[in-house]
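Undergrad: The structure is given below, and queries will be raised subsequently.
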Amino acid sequence: MNAGLVIYNDFALREYNTFGIECTASRFVALRSGEDYADLLRSGLLRESPFFILGGGSNVVLPDTYDGVIVHPANKGIRLLECVDGRCLVEAEAGEKWADFVDYSIAQGWYGLENLAAIPGCVGAAPVQNVGAYGKEAKDVVRRVHCFDIEKGTECWIDAADCGSGYRWSRFKGEWKDRYLIDRVVFSLSSEFHPDVTYKALAVALDERGIANPTARQLADTVTALRDSKLPNPSTIGSAGSFFKNPIVTDSVYEDLKTANPDIVAFPVDDGHYKLAAGWLIEHCGWKGRSLGRAGVYEKQALVLVNRGGCSGDDVCRLANAVVADVEARFGVHLECEAIFV
Ligand code: EPU
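Residue numbers (my numbering): 83 to 424.
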């Protein structure tokens, strides 16, 4: 076994999840190189006991104790593979912080990630969750993903087109769950900057700043300011970002809701469906700013659940269930969690 692979027992995860939940994992291993990934697979540990792959811990709710192995990708590195006809293929390792990767790319003149600025979490999680914000999703920029196959003990490349990416979803969360460890991701970026300002709130924010033709940095800064105005900073208030997904309903469900609630916020997604703003639904059930136990609904954005101090996974679960029940009773719409309960 590689001398670098250290497995810790009874490991405290407080610093490894943005909710700030005190969780003790019976075992914890950080992977710092491709060799570490290979060694971990060879050790057989992941076939013997339950495990969970924990990136930046920005989208998870941890229990008080986790009886299994927490696998933490911590390998770093960003490199340009090629730049041909304005298309730059850039490889980033799973343990890179996503927000740092976005900033670095902009500084290098590799464009396409600006709308995804300041999202917490790591590069390796981006294709799993298909992270998205301000009109862009990871699937718009991911070209291929390099993985270690836990079942077969081999390495492979998976093409982005085969990842089945959807709204906060991919096959890594479905049929491939617990099958692959992602160690690096290749992105297809552009050497020319073409701003995407189709998301209304972003266009309005640029307008308010008097910016008609933003540079990539200005666009990313505006996105960051928008996020800062609505989302809690994990270093001061624990949260997992958006806790629920925005539910997608049929046209006819939307029409009925709109008749009963003329100011409901929704966006057409395709011919027959609308995406409802879950934040609006939660707010109109009176939950914005309220608490239950040591968990609360954030006062500036009702889609976000926060740690009011010393909150446990159970506190979050109770609050989430209460919110889901009220939204269902009032609007007949079922909210699904975006955050993952470990
Ligand atoms: N709204 C309310 N009340 C609220 C919150 C929102 O009425 O408390 C309404 C507002 O009218 C607003 C609309 O909902 O115009 C949409 O709000 P916002 O633009 O803040 O976006 P969101 O749908 O609430 C999603 C993502 C965020 C992402 C933003 C911007 C999901 C689950 N969340 O939130 O992603 O940053 O759009 O693109 O799709 C994350 O996943 O952690 C995350 C922060």
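All C-beta atoms in this analysis are idealised placements derived from N, C-alpha and C, irrespective of residue type, glycine included.
#1: Between the alpha carbons of residue 256 and residue 292, how many angstroms are there, rounded?
#2: Give the secondary structure of residue 96 by DSSP, where H, G and I count as helix, E and B as strand, and everything else as coil.
#3: Tell me which residues share the same chain as residue 127 and place their Cβ nearer than 7 Å to its Cβ, disregarding the 5 neighbours each side in the sequence.
#4: Got a sec? Which residues, its chain only, sit under 8 Å from residue 132 by beta carbon, not counting five neighbours each side?
#5: Compute every distance between the C-beta of residue 324 and the non-hydrogen atoms of ligand 1, then say whether any falls below 7 Å.
#6: Verify the contact flag: residue 290, CB atom, against every heavy atom of ligand 1, threshold strictly below 7 Å.
#7: In whole angstroms, what is the alpha-carbon distance linking residue 419 and residue 101?
#8: On the three-state DSSP scale, how would you describe residue 400?
#9: Give the range of the alpha helix (DSSP H) segment to which residue 230 is assigned.
#10: My output table needs one value for residue 352: the three-state DSSP class, helix, strand or coil.
#11: Ligand 1 and residue 315: does the residue's C-beta get closer than 7 Å to at least one heavy atom of that ligand?
#12: Could you name the residues of the same chain whose beta carbon sits closer than 6 Å to that of residue 196, not counting the 5 residues immediately before and after it, in chain order?
#13: Determine the direct distance from the alpha carbon of residue 404 to that of residue 227, and round the result to whole angstroms.
#14: With 16 as the cutoff for other CB atoms within 10 Å, does residue 83 come out buried or exposed?
#15: Answer yes if the region 111-120 comes into contact with the region 320-338, meaning at least three C-beta pairs across the two stretches below 8 Å, and no otherwise.
#16: Taking 7 Å as the cut-off, does the CB of residue 196 come closer than this to any heavy atom belonging to ligand 1?
#17: Using alpha carbons as the reference points, say which of 327, 124, 200, 320 lies closest to residue 455.
#18: Is it true that the region 229-244 meets the region 313-320, where meeting means three or more beta-carbon pairs spaced less than 8 Å apart?
TA: According to the structure data:
#1: For the purposes of this step, residue 256 is taken as residue 174 along the sequence shown, with counting starting at 1. For the purposes of this step, residue 292 is taken as residue 210 along the sequence shown, with counting starting at 1. When the Cα atoms are used, residue 256 and residue 292 turn out to be separated by approximately 44 Å.
#2: What you label residue 96 is simply residue 14 of the sequence shown in a count that begins at 1. Look at residue 96 here: in three-state DSSP terms it is helix.
#3: Position 45 of the sequence shown, counted from the first residue, corresponds to residue 127. Setting aside the 5 residues that flank it on each side, residue 127 is surrounded in the same chain by 151, each with a C-beta closer than 7 Å to its C-beta; the list follows chain order.
#4: The residue given as residue 132 occupies position 50 in the sequence shown. Hits under 8 Å: 149, 150, 151.
#5: Counting from one through the sequence shown, the residue named residue 324 turns up at place 242. Within the cutoff, so yes.
#6: Here residue 290 refers to the residue found at position 208 when the sequence shown is read from its first residue. Not under cutoff, so the answer is no.
#7: In the sequence shown, the residue the question calls residue 419 occupies position 337. In the sequence shown, the residue the question calls residue 101 occupies position 19. Answer to the nearest angstrom: the Cα atoms are 15 Å apart.
#8: As a working mapping, residue 400 is identified with position 318 in the sequence shown. If DSSP states are grouped into helix, strand and coil, residue 400 belongs with the helices.
#9: Position 148 of the sequence shown, counted from the first residue, corresponds to residue 230. Segment 224-231 is the beta strand (DSSP E) holding residue 230; no alpha helix (DSSP H) there.
#10: Stepping through the sequence shown from its first residue, residue 352 is reached at position 270. Of the three classes helix, strand and coil, the one that applies to residue 352 here is strand, per DSSP.
#11: Within the sequence shown, the letter at position 233 stands for residue 315. No.
#12: Along the sequence shown, one-based indexing puts residue 196 at 114. Contacts found: 298, 301, 302.
#13: Along the sequence shown, read from residue 1 onward, the residue named residue 227 stands at position 145. Along the sequence shown, read from residue 1 onward, the residue named residue 404 stands at position 322. Residue 227 and residue 404: Cα-Cα distance of roughly 38 Å.
#14: Here residue 83 corresponds to residue number 1 of the sequence shown, with the count starting at 1. With a pLDDT of 48 at residue 83, under the threshold of 50, the modelled position of this residue cannot be trusted, and the question is left open.
#15: Contact between the region 320-338 and the region 111-120 is absent, because fewer than three Cβ pairs lie under 8 Å.
#16: Here the question's residue 196 lines up with position 114 in the sequence shown. In this structure, ligand 1 has no non-hydrogen atom nearer than 7 Å to the beta-carbon of residue 196.
#17: For the chain, the structure presents residues 83 to 424; residue 455 sits outside this window and is missing.
#18: Contact between the region 229-244 and the region 313-320 is not established, with fewer than three Cβ pairs separated by less than 8 Å.
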